[in-house]
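Asker: Those sequence lines, one after another, are chains A and B.
Residues are numbered in my numbering as their position in the first sequence, beginning at 1, plus a constant of 8.
Residues are numbered in my numbering as their position in the second sequence, beginning at 1, plus a constant of 10.
One structure is given below, represented as structure tokens, and several questions about it will come after.
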Amino acid sequence: MAHVVGPEPARPIRRLLVANRGEIARRIFRACRELGISTAAVYADDDAAAPFVAEADVAVALAGRSAAETYLDAAKLIAAAARAGADAIHPGYGFLSENADFARGVIEAGLTWIGPAPETIAKMGDKLAAKALMASAGVPTLAAAKVSSERQARQAARAIGYPVLIKAAAGGGGRGMRLVETEKDLRAALASARREAGAAFGDDTVFLERWVGAARHLEIQILGDRHGNLVHLFERECSIQRRHQKLIEESPSSALDEKTRAAMCAAALTAAKSLSYVSAGTVEFLLAEGEFWFLEVNARLQVEHPVTEAVTGADIVIEQIRIAQGEPLSFAQADLKSRGWAIEARVCAEDPERDFLPAPGKVLAWRASRAAPARFDSGVETGTLVSSEFDAMVAKVIAHAASRREAAALLARALETTRIQGLTTNRDFLVACLRSPQFLAGDTTTDFIDRAAIPRRRVFEREALVQSAIAAAMEAQARRRARARVLASMPTGWRNTPMPLEGVAYDAAGEEVALGYRAQRDGSFQFVVDGQARRVVVHCAGHGEADFAIDGLRATFLVDPAGEQWLVHGPAGDVELAERPRYPVAAGAELTGGLKAPMPGVIRAVAVKAGERVSRGQLLVVLEAMKMEHRILAPHDGVVDEVGVTVGEQVGNGQRLLSLSIAQAQAAE
Amino acid sequence: MPRLQSNLDTRSEDYARNRADMLQMLEEMNALLEEAARGGGEEAHRRLAARGKMPLRQRIAHALDRDSPFLEISPLAAWRSDYQVGSGFVLGVGVIEGIECVTLGHDPSVMAGAFNPFNGKKLMRGLEIARVNRLPYVQFVESAGADLRGGGGDGDPEAALRRDTGHFAESGRLFYEITELSKLRIPTISVVFGASTAGGAYQPGMSDYNILIRGQSQIALGGPPLVKMATGEDADVESLAGAEMHATVSGLGDYLAEDEMDAIAKCREVMAHLNWKKLGPEPSGRFAEPAYDPEELLGLVPRDLKAPFDIREAIARIVDDSYFEEFKPLYGPTLVCGWTSVCGYPVGILANNGALFSESSEKAAQFIQLANLSDTPLVFLHNITGYIVGSDFEQRGITKNGSKMINAVSNSTVPHVSMILGASYGAGNYGMSGRAFGPRFTFIWPTAKIAVMGPRQMAGVMSIVGRAAAARRGIPFDEAADAKRAANVEFWAEERSKGLFATSRVSDDGMVDPRDSRAVLAMALSAAHSNQVRGAKEFGTWRM
């Protein structure tokens, strides 16, 4: 390399270690594969079976469960790079991606750092200092104040005016961010924001910022190389957020006219220039009523970078790697055009009905949509654990089309036809957002979710549940026939005389679906459901895929059992059914006359009193007989009606010890 | 493997007529099956449901493995009798927890599950099926006991007495056979759904496992009325016979269930722990369906059985891949013998293509011996008017050679399954392993006719004998009376020879739709393979 500027010498990368996990690790590995670079993963205990680990050429265990013990432990990560023989580290986003000390450590260890210079990170890491720097460069900013005590915060908040936003000085991603409406909420919000910031970034410094309601979140993607080239890749709008975290992002923004767009891009380049920015970064702005203010610079790759890639055709990660190797950008500003519209949705393991609380669990079935062409940046496959230790994001889905309306329709369809079962996700909510009139009208301010009243849960048509139930029943019968120990070659459910229908019942989406069915001589099935006869012709079932026609309408359903559950994925998307037990557990009744002594003996202990509520298996009486202690346990939950014996009493064989009746509450159930 | 070549003309008039006739007979059969399945009717079922009880078919359906096959035996018992068609009793071979077993029971919706001669015969047949095939025996017990109304309904009670050879002194064999199963290491399970008193108490009494239902099962040698009559005790039924008493005090009950579904679940749990293994060889898993459509069996057999048909056309639509390796095809051609398989079970088939002659009888005797040498089960497809008669044939030893065939059939120990497609007359029925010759199972098509001889022949024989007697005594022969009597004899002989009549008397295991022949044979063969499949080493003396 003839002329190299920048903080580190350039050299070709042979093996790149991603100091991150999940979808972004896979995303970066994909770029490496395209560049002929070997890959190395690191992983926490819960990620041992994650797809990104399997996909890497080599992987190093970080031996630990929490983020602090693993992906936030700079020393472990640098040691892992040495162990893996890696010569470069990409930090992804989050974790240590904006940690200047880590970046410095990586460089000092003789490794190539894929990202902006540590000095840039440090400058932008302090959000308040960054704002001051930008203000001095002539970029508009919002009023803000650093606070270290509650008293200071109260004063600053009054000066700025409520509502105010508390933000972490050391990081983004909504971590440590709290909206405070009135002064009485300030104290608690401050404390929790500090806690969260400390946990996420290892630094609990927070600052207050003016809150702009009904605003939009805009950001400009920038890329700079070590040859002094600096470009912007247009804007992204990321206004739709919940819990201050982005949910749906798009490019371009429906809120920008050409003039504002040009002004905002220019401001971003000004900001970047003032930093001599190298690598990928994002300059974030708040936009309201045609006015915009600088928020912060994210000195890293952003989660939502794929929408920019879709409209510009650039590969931002590949550019990052090239830049780190000392190569110039592959394009100049004039080469960059924004074409069509791209929208990204973040599928997260969270419960929209419970205020988007994370809902970790295991992905029992995953399959990217085959019905709608979309980009899937997924961190999971079937069987992947979504750990409570880390971010709840499971996958990003990106649709690119000629217009915003088409992109929204495409993305909604792609989400709807993606199979993700076994854990609660926001998928149905995302689909509803993308199809809402407010979204389609471009009415997407940061309070969209509070305002738009999008249904948090999907309401199924009865027919969709019935079809799914039939799919589960047919898959189950095919599996049973295939497993049959005897008479496996006989036609399913064969009868030579009229017998009652085969029956099975499911609970699905809060409804009961009870099916009766009987195989017919021609191989079809007659179903009776909701008092209606349906003819079902099964073309194939028993291997996780049930292909059948109901009254002439044919479709294929993916069907997998998971305990008592059936995970069904058909034309209506994912439906989960809980199969009711064939033999309901019969309520145990009171033994008339109560519990009796199993043999003659002496009462050594009476553990309960009359009127006491006991649960099944609970110790009631200890009887000593034949030199052994016999423990009389409650055979079922209930209430002790009467205790007929006392300690020390000699009892005869079969003598009643006490009587136990079923608890009233249970009997009423 | 040689595959049979079909010559059946499915566009012929005969085919169309046979098919139409068969469909009409099937319609009649299915209507009767529906009637039998209704049991005591909707009202009776409602009354049961109000007490948390299910009709018997429902109990059985809930006990069977989901989607597993169930072969009901003698579903049309008691047709044309004083009793409900089906006899208020269900008997079948089904699968519970992966184990083929005999399942049977009285239907509480029909006369409270009372015994009658027909369901008594079905019960004994169920025990026999369990014993000879070594199938676990599951009985759903609930019976009001013997039908104490005696005689024959509102007819002449003495008339029945004059013909009936039965007497109480011969009763009780069923209890002997239940405990005999246990001795033979064939598990016996009683699920007691209701009253099981007097003799009925020994049904659970003799069983290996008893499952009782709280507040519902009642078992006692004498119910309260009999106790009152015998000892004067005013017994309360729960302490005399109740499930809880038997589960906690007498020890007659092994499991105490809370309700019928719980009892059925417990029955399945018992089956699951039996550690049961079939003793016969597994079927080959690799076989093809018949190359010809079994649907075409409907047009094969003429209703009046007068026109002959090639029995190979039936074989081609029943056996695996329609393959049939024929034995001695050029010798004794009126009996078709050959090797094939049904759903992976190797079998030898003996099938009639005309009357039995000396050659065909000897061929049968040899074929049966060969099957016994190779432990191969035998399937008999009947359409037999009998052994040929006439002096020429007698001189050439037809009785002697027919006896060889009957000797071979009688002493053969590989499983036999008989299926009567058309005629099964006289000694032909014996030679083809008729019911009395102990086949594991016997099924009939709606076209079946079973009798000592053809009805017309029977009428004619009686007429000739009558004429000869008149001549001997020198009295004039009343032609008009003879014609009337002959018509009468022929009519009733015809009625009694009909398959429906035979099956109603439990003299076979049931009438089946011809299209089900393959499935029925597969179930029968699979059941037979629960026991050892071992050919005979010795036979009776061969008359040379």
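For glycine and all other residues, C-beta sits at the position ideal for the given N, C-alpha and C.
1) Could you give the distance in angstroms between the alpha-carbon of A/ALA496 and the alpha-carbon of B/LEU74?
2) Tell me, please, whether the CB atom of A/LEU495 is closer than 8 Å to any CB atom in chain B?
3) Starting from the beta carbon of B/CYS353, find every residue of chain A whose beta carbon is closer than 8 Å, and list them in chain order.
4) Between the stretch 122-133 of chain A and the stretch 96-111 of chain A, can you find at least three pairs of beta-carbon atoms closer than 8 Å?
5) I believe A/LEU136 touches A/PHE215 by the beta-carbon criterion, under 8 Å. Please report the beta-carbon distance rounded to the nearest angstrom.
6) Ordered along the chain, which non-local residues of its own chain (more than five positions away) have a Cβ less than 6 Å from that of A/ALA275?
7) Could you please give the first and the last residue of the uninterrupted beta strand (DSSP E) stretch that includes A/ASP385?
8) Can you tell me whether A/LEU599 is helix, strand or coil according to DSSP?
9) I need the straight-line Cα distance from B/SER434 to B/ARG495, nearest angstrom please.
10) Can you confirm whether A/THR600, when its beta carbon is compared against all beta carbons of chain B, has any partner nearer than 8 Å?
11) Which residues does DSSP list as the beta-bridge partners of A/MET401?
12) For B/VAL120 and chain A, any beta-carbon pair shorter than 8 Å?
13) Could you run through the stretch 519-542 of chain B and flag, in chain order, every residue whose CB is less than 8 Å away from some CB of chain A?
14) Is there at least one Cβ from chain A nearer than 8 Å to B/MET271's Cβ?
15) Does any CB atom of chain A fall closer than 8 Å to the CB of B/PHE80?
16) Return the bridge partner residues of B/MET429 from the DSSP annotation.
17) Pull up the distance between the alpha-carbon of B/PHE451 and that of B/ASP518, whole angstroms please.
18) Would you please verify whether the beta carbon of A/GLU510 is less than 8 Å from any beta carbon of chain B?
19) Express the C-alpha separation of A/ALA513 and B/ALA251 in angstroms, rounding to a whole number.
20) Which residue comes first and which comes last in the beta strand (DSSP E) that contains A/ASP649?
21) Listing by chain order, which chain A residues have their CB less than 9 Å from the CB of B/PHE550?
22) What residue range is occupied by the uninterrupted alpha helix (DSSP H) comprising A/GLU266?
23) Taking the alpha carbon of B/ALA43 as the point to measure from, which residue in B/PRO79, B/ALA497, B/ALA317, B/PRO85 has its own alpha carbon closest?
24) How far does the beta strand (DSSP E) with B/VAL471 in it reach, from first residue to last?
25) Got a sec: which bits of the stretch 56-73 of chain B sit with their beta carbon under 7 Å from any beta carbon on chain D, in order along the chain?
26) On the criterion of 16 or more Cβ atoms from any shown chain inside 10 Å, does A/GLN160 qualify as buried, or is it exposed?
27) Show which residues of chain A have a CB atom less than 7 Å away from the CB atom of B/PRO197.
28) How many angstroms separate the CA atom of A/GLN674 from the CA atom of A/VAL648?
29) In chain order, what residues of the same chain lie with their CB nearer than 7 Å to the CB of A/ALA33, ignoring the 5 residues before and after it?
30) Output the residue ranges of the alpha helix (DSSP H) runs that lie fully inside the stretch 543-594 of chain A and measure 4 residues or longer, sorted by chain position.
31) Taking its Cβ as the centre, do 16 or more other Cβ atoms sit within 10 Å of A/ARG378, making it buried, or is it exposed?
32) For chain A, is any of its Cβ atoms less than 8 Å away from the one on B/ILE274?
33) Taking DSSP as the reference, what is the three-state secondary structure of A/HIS225?
34) Going by DSSP, which residues form a beta bridge with A/THR120?
35) I want to verify the contact list: residues of chain B whose CB lies under 9 Å from the CB of A/ARG488, in sequence order.
36) Cβ of A/VAL319 within 8 Å of Cβ of A/GLY348?
Answerer: Per the coordinate set shown:
1) 15 Å
2) yes
3) SER497, MET498
4) yes
5) 5 Å
6) VAL147
7) 383-386
8) Its pLDDT being 45, under 50, A/LEU599 is placed unreliably in this model, and the coordinates cannot settle the point.
9) 24 Å
10) Residue placement at A/THR600 cannot be trusted, given a pLDDT of 45 that sits under 50; the coordinates are not used to answer.
11) A/CYS356
12) no
13) GLY520, VAL522, ASP523, ARG525, ASP526, ALA529, VAL530, ALA532, MET533, SER536
14) yes
15) yes
16) B/LEU391, B/PHE453
17) 8 Å
18) yes
19) 36 Å
20) 646-651
21) The residue asked about is misnamed: residue 550 of chain B is Gly in this sequence, not Phe. Per Cβ cutoff of 9 Å: no residues; B/GLY550 is ~35 Å from chain A at best.
22) 266-282
23) The residue you asked about is not Ala; residue 43 of chain B is Leu in the sequence shown. Checked all of B/PRO79, B/ALA497, B/ALA317, B/PRO85; the closest Cα to B/LEU43 is B/PRO85.
24) Here B/VAL471 belongs to no beta strand (DSSP E); instead the alpha helix (DSSP H) covers 465-483.
25) This model lacks chain D altogether; the protein chains it does include are A and B.
26) exposed
27) Ordered by position in chain A, no residue passes the 7 Å Cβ test against B/PRO197, which lies about 16 Å from the chain.
28) Reliability of the predicted coordinates at A/GLN674 is poor, the pLDDT of 42 falling under 50, and no value is obtained from them.
29) VAL26, ALA49, PHE60, GLY100
30) none
31) exposed
32) yes
33) strand
34) A/ALA96
35) ASP75, ARG76, ASP77, SER78
36) yes
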